[in-house]
Amino acid sequence: TAISGGVNLLTNPDNHAGLDRGHFLSRTGNCNTFDDGADGYCRADGVGTIVLKRLEDAEADNDPILGVINAAYTNHSAEAVSITRPHVGAQAFIFNKLLNDTNTNPHEIGYVEM
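For the sequence shown, position 9 (counting from the first letter as 1) is numbered 26 according to this note's numbering, and the numbering increases by one without interruption.
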């Protein structure tokens, strides 16, 4: 069993100003992920924690199971338009690899973490 968590607190306005000057932040306030209208990303404070447990242990302990991680991959592409707009081909490749390697029907997926 593992407890994993993360915190992102935006306490330094200089970081925001620098990202804005570099045109990393969305002018519209919307990320528009996977859309031709994507114009940057949005930042926010956030705190999250999750308990990770092997499926067989969670089942044996009669724990409520809210989700199952079948696989995890990462990739990148030097051909992306910018850091704020991922390369469509690289994204499609990794999604197809995940679906094929885990024999998962995409219509059965309830959540994707990017």
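Idealized CB from N, CA, C, for every residue including glycine. In this text the structure is predicted, and so the values were computed from the model without any measurement.
Of all the beta strand (DSSP E) runs that stay within the bounds of the stretch 38 to 91, which reach a length of 3 or more residues? The stretch 38 to 91 contains these whole beta strand (DSSP E) runs: 63 to 69.
Where V24 falls: helix, strand or coil (DSSP): Your numbering for residue 24 matches position 7 in the sequence shown. Note: V24 maps to strand in three-state DSSP.
In chain order, what residues of the same chain have a beta carbon less than 7 Å from the beta carbon of A75, not counting five sequence neighbours either side? Position 58 of the sequence shown, counted from the start, is the residue given in the question as residue 75. Around A75: I82.
Classification of G65 by the beta-carbon crowding that lies within 10 angstroms, buried from 16 upward: Taking the first residue of the sequence shown as 1, we reach residue 65 at position 48. That one is exposed.
Cα-Cα separation between N116 and N122, rounded to whole angstroms: Translated into positions along the sequence shown, residue 116 becomes position 99. Translated into positions along the sequence shown, residue 122 becomes position 105. Residue identity check: residue 116 is Leu in the sequence provided, not Asn. Cα to Cα, the separation comes out at about 7 Å.
If we count Cβ pairs, one from each stretch, closer than 8 Å, do we get three or more for the stretch 27 to 41 versus the stretch 49 to 65? Three or more beta-carbon pairs drawn from the stretch 27 to 41 and the stretch 49 to 65 are found closer than 8 Å, and the two stretches are therefore classed as touching.
Using 7 Å as the threshold, is the C-beta distance between A19 and L69 below it? On the sequence shown, position 2 is the one that residue 19 refers to. On the sequence shown, position 52 is the one that residue 69 refers to. The answer is yes: Cβ separation under 7 Å.
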